[in-house]
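These notes concern the structure reproduced below.
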Amino acid sequence: MGLSIALHALAAVIWVGGMFFAYMAMRPAVANTIPAEQRPALWLATFTAFFRYVWGAIAVLLLTGYALIGAYGGMGVIGWHIHVMHGLGLLMMLLFLHIYFAPYRRLKLAVAADDTTEGNRRVGQMRLFIAINLVIGLAVVVIGAGGRYW
439 MGLSIALHAL AAVIWVGGMF FAYMAMRPAV ANTIPAEQRP ALWLATFTAF FRYVWGAIAV
499 LLLTGYALIG AYGGMGVIGW HIHVMHGLGL LMMLLFLHIY FAPYRRLKLA VAADDTTEGN
559 RRVGQMRLFI AINLVIGLAV VVIGAGGRYW
């Protein structure tokens, strides 16, 4: 069980921490230093690399999460905080699927077509959903870490 908890926490840190870095550090740095016509390609390369880790994190979170729920006796006996973490985690995954299969896919097409306006529009669209996912992810971390003590 200890390994599952550690892997679960590590996967959450990778995903939520990556969003925090991208939104709070990289986004303002890119806006202040990179010309607008170069931003879509930079963000595409960044998201392409990061999203590989997100897919892995999702797999680890689902596998370890359900294994831990089973080890604790099932959904009927786990605490409220686990139910909240589970629901919010699934919501985050759905938002990621939207990001990946809608604006990210369109960002790839815009970069391939050298359409800077469309590329920047798609980056902006992704930014909104990533901000929402980041807030949810931070809440999940707080609930997961402290929920059993409330």
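In short: position in the sequence shown from 1, add 438, done, that's our numbering.
Heads up, the beta-carbon is just placed ideally off N, CA and C, and yes, glycines get one too.
With 16 other Cβ atoms within 10 Å as the buried cut-off, status of alanine 483: exposed
Cβ pair leucine 480, valine 468 closer than 8 Å: yes
Whole-angstrom distance between leucine 535 and threonine 554, CA atom to CA atom: 24 Å
Continuous alpha helix (DSSP H) stretch holding arginine 490: start and end: 477-509
Boundaries (first-last residue) of the alpha helix (DSSP H) holding valine 549: 541-550
Glycine 512 and histidine 446 closer than 8 Å at C-beta: no
Beta-carbon proximity of valine 454 to leucine 529, cut-off 8 Å: no
Alpha carbon of lysine 546 to alpha carbon of phenylalanine 489, nearest angstrom: 13 Å
Through-space distance from alanine 548 to glutamate 475, alpha-carbon basis: 12 Å
Whole-angstrom C-beta distance between methionine 439 and alanine 509, which should lie under 8 Å: 5 Å
Pick from Pro478, Ala460, Ala450, Thr471 that is closest to arginine 559, judged by C-alpha positions: Pro478
Cα-Cα separation between alanine 497 and threonine 471, rounded to whole angstroms: 35 Å
For methionine 457, three-class secondary structure by DSSP: helix
Residue of Gly525, Leu526, Gln563 minimising C-alpha distance to arginine 543: Gln563
Contact set for phenylalanine 567: own chain, Cβ-Cβ below 7 Å, skip 5 residues either direction: Leu533, His536, Ile537
Closest residue to alanine 486 among Leu526, Ile570, Phe539 (Cα-Cα distance): Note that residue 486 is threonine in the sequence shown, not alanine. For the residues Leu526, Ile570, Phe539, the minimum Cα distance to threonine 486 belongs to Phe539.
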